[in-house]
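Colleague: So the sequences go chain by chain: A and B. Read left to right, the first sequence gives residues 106 to 218 (the numbering used here). Read left to right, the second sequence gives residues 2 to 114 (the numbering used here). Using N, Cα and C, we set each Cβ at its ideal position, and we do this for glycine too. Submitted below is the structure of interest, expressed as structure tokens.
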Amino acid sequence: GAGVSQSPSNKVTEKGKDVELRCDPISGHTALYWYRQSLGQGLEFLIYFQGNSAPDKSGLPSDRFSAERTGGSVSTLTIQRTQQEDSAVYLCASSLGGDSPLHFGNGTRLTVT
Amino acid sequence: GENVEQHPSTLSVQEGDSAVIKCTYSDSASNYFPWYKQELGKRPQLIIDIRSNVGEKKDQRIAVTLNKTAKHFSLHITETQPEDSAVYFCAAHEGDSNYQLIWGAGTKLIIKP
């Protein structure tokens, strides 16, 4: 079946512009995560959605970052007024919740020039 | 909250030899410990996981051991092959949250021919 789909796969933007990154999770997965991965680094947690519960936003690095998940399915991560330090791969993952395995998308590589 | 430390950061082994990666965690309430493999330029993928009610789990050439008393768990890869070259991440479920995974920093495994 279809896996987690992220778009765009690559995004180049100018400093100061806003960007939107999209994640289509696996159908039926109630949990959705966003992570950031800088080159050669680990997984930096950003935000976690679980069903209809309030999201865990504790990982968002600044108020320029926000995310929403509409209808318990598609999620959008928005970065306002992008900075060069925002350049990274943004990974989305979904799961059935609990201790079910996370299924990752291929990520969006964001480059801020 | 939970803290996960992973060692070593880089591991180089001769093809055919064994590799061991170790992680320690701080929250005694954590009860789920997955391992993910991320090949260069690809998404992380679950390779094995263990729950706190067992001490060891094996799947062909890979195994994971868990010592709850010492709060550490390890990934063992035997008869290493070139395709084992990747970055490996351990994680622990944060005991007091709704299945928020806390990740290790990753180990880059290099298999020398």
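1. List, in chain order, every chain B residue whose beta-carbon is nearer than 7 Å to that of A/Tyr153.
2. Does the beta carbon of B/Ile106 come closer than 8 Å to any beta carbon on chain A?
3. Determine, using beta-carbon pairs with one atom in the stretch 119-137 of chain A and one in the stretch 79-91 of chain B, whether at least three such pairs fall under 8 Å.
4. Where does B/Gln7 fall in DSSP's three states?
5. Taking B/Arg62 as the reference, give the member of B/Pro114, B/Val21 and B/Leu12 with the closest Cα.
6. I need the DSSP call for B/Asp50, collapsed to helix, strand or coil.
7. Counting only C-beta atoms, is B/Leu76 closer than 8 Å to chain A at any point?
8. Applying a beta-carbon distance threshold of less than 8 Å, which residues of chain A neighbour B/Arg62?
9. For the 8 Å Cβ check, are there 3 or more pairs between the stretch 206-217 of chain A and the stretch 185-198 of chain A?
10. Based on the DSSP secondary-structure assignment, which residues constitute the bridge partners of A/Asp129?
11. Going along chain A, which residues have a C-beta under 7 Å from B/Tyr33?
12. Do the stretch 111-121 of chain A and the stretch 156-164 of chain A make contact, defined as three or more Cβ pairs closer than 8 Å?
13. Are the beta-carbon atoms belonging to A/Gly147 and B/Gly107 less than 8 Å from one another?
14. Applying a beta-carbon distance threshold of less than 8 Å, which residues of chain A neighbour B/His94?
15. Quick check: B/Ile103 and B/Val5, are their CB atoms within less than 8 Å of each other?
16. Could you pull the DSSP bridge partners for B/Lys72 from this structure?
17. Using a Cβ-Cβ cut-off of 6 Å (strictly less than) and excluding sequence neighbours within five positions of A/Arg186, which residues of its own chain qualify?
18. Can you give me the Cβ contacts of B/Gln82 inside the same chain, cut-off strictly under 7 Å, excluding the 5 residues immediately before and after it?
19. Between B/Ser19 and A/Thr118, what straight-line distance do the alpha-carbon atoms span, to the nearest angstrom?
20. What are the residues that DSSP puts in a beta bridge with A/Lys122?
21. Could you please give the first and the last residue of the uninterrupted beta strand (DSSP E) stretch that includes B/Arg44?
22. For A/Ser200, does the count of other Cβ atoms within 10 angstroms reach 16, so buried, or fall short, so exposed?
23. Starting from A/Leu151, trace the beta strand (DSSP E) both ways and give me its first and last residue.
24. Within 10 Å of its beta-carbon, does A/Leu126 have 16 or more other beta-carbons around it, so buried, or fewer, so exposed?
Modeller: Per the coordinate set shown:
1. Here residue 153 of chain A refers to the residue found at position 48 of the first sequence. Correct list: Gln101.
2. The count along the second sequence starts at 1 and reaches residue 106 of chain B at position 105. A small correction: the amino acid at residue 106 of chain B is Ala; Ile does not occupy that position in the sequence shown. At least one chain A Cβ lies under 8 Å of B/Ala106.
3. No, the stretch 119-137 of chain A does not touch the stretch 79-91 of chain B.
4. Taking the second sequence and counting its residues from 1, one reaches residue 7 of chain B at position 6. Strand, per DSSP.
5. Taking the second sequence and counting its residues from 1, one reaches residue 62 of chain B at position 61. For the residues B/Pro114, B/Val21 and B/Leu12, the minimum Cα distance to B/Arg62 belongs to B/Val21.
6. Position 49 of the second sequence, counting from 1, holds the residue named residue 50 of chain B. B/Asp50 falls in the strand class under three-state DSSP.
7. For this step, residue 76 of chain B is matched to residue 75 along the second sequence. Output row for B/Leu76: interface = no.
8. In the second sequence, the residue the question calls residue 62 of chain B occupies position 61. Within 8 Å Cβ-Cβ: nothing; B/Arg62 doesn't reach chain A, min ~19 Å.
9. At 8 Å Cβ cutoff, the stretches touch.
10. The residue given as residue 129 of chain A occupies position 24 in the first sequence. Answer is A/Ser110.
11. Position 32 of the second sequence holds residue 33 of chain B. The answer, in chain order, is Asp204.
12. no
13. Residue mapping note: residue 147 of chain A aligns to position 42 of the first sequence, counting from 1. Residue mapping note: residue 107 of chain B aligns to position 106 of the second sequence, counting from 1. Cβ distance < 8 Å, so A/Gly147 and B/Gly107 count as in contact.
14. Residue numbering aside, residue 94 of chain B sits at position 93 when the second sequence is read from its first letter. Simply Asp204.
15. Within the second sequence, numbered from 1, the residue matching residue 103 of chain B stands at position 102. Within the second sequence, numbered from 1, the residue matching residue 5 of chain B stands at position 4. It is a contact, given that the beta carbons lie within the stated cut-off.
16. By one-based count along the second sequence, residue 72 of chain B stands at place 71. Beta-bridge pairing links B/Lys72 to no other residue.
17. Within the first sequence, the letter at position 81 stands for residue 186 of chain A. Here the set comprises Gly121 and Arg169.
18. Position 81 of the second sequence holds residue 82 of chain B. Taken in chain order, the residues that qualify are Glu16 and Ile112.
19. Looking up residue 19 of chain B in the second sequence gives position 18. Looking up residue 118 of chain A in the first sequence gives position 13. Rounded to the nearest angstrom, the two C-alpha atoms are 44 Å apart.
20. Indexing the first sequence from 1 puts residue 122 of chain A at position 17. In DSSP, A/Lys122 forms no bridge with anything.
21. Start at 1 with the first residue of the second sequence, and residue 44 of chain B comes out as number 43. Per DSSP, B/Arg44 belongs to no beta strand (DSSP E) and is neither H nor E.
22. Position 95 of the first sequence, counted from the start, is the residue given in the question as residue 200 of chain A. A/Ser200 comes out buried.
23. If you number the first sequence from 1, residue 151 of chain A lands on position 46. Taken as a continuous stretch (DSSP letters only), the beta strand (DSSP E) holding A/Leu151 covers Glu149 to Gln155.
24. To locate residue 126 of chain A, count along the first sequence from 1; it is residue 21. Burial state of A/Leu126 is buried, judged by a 10 Å Cβ sphere holding 16 or more other Cβ atoms.
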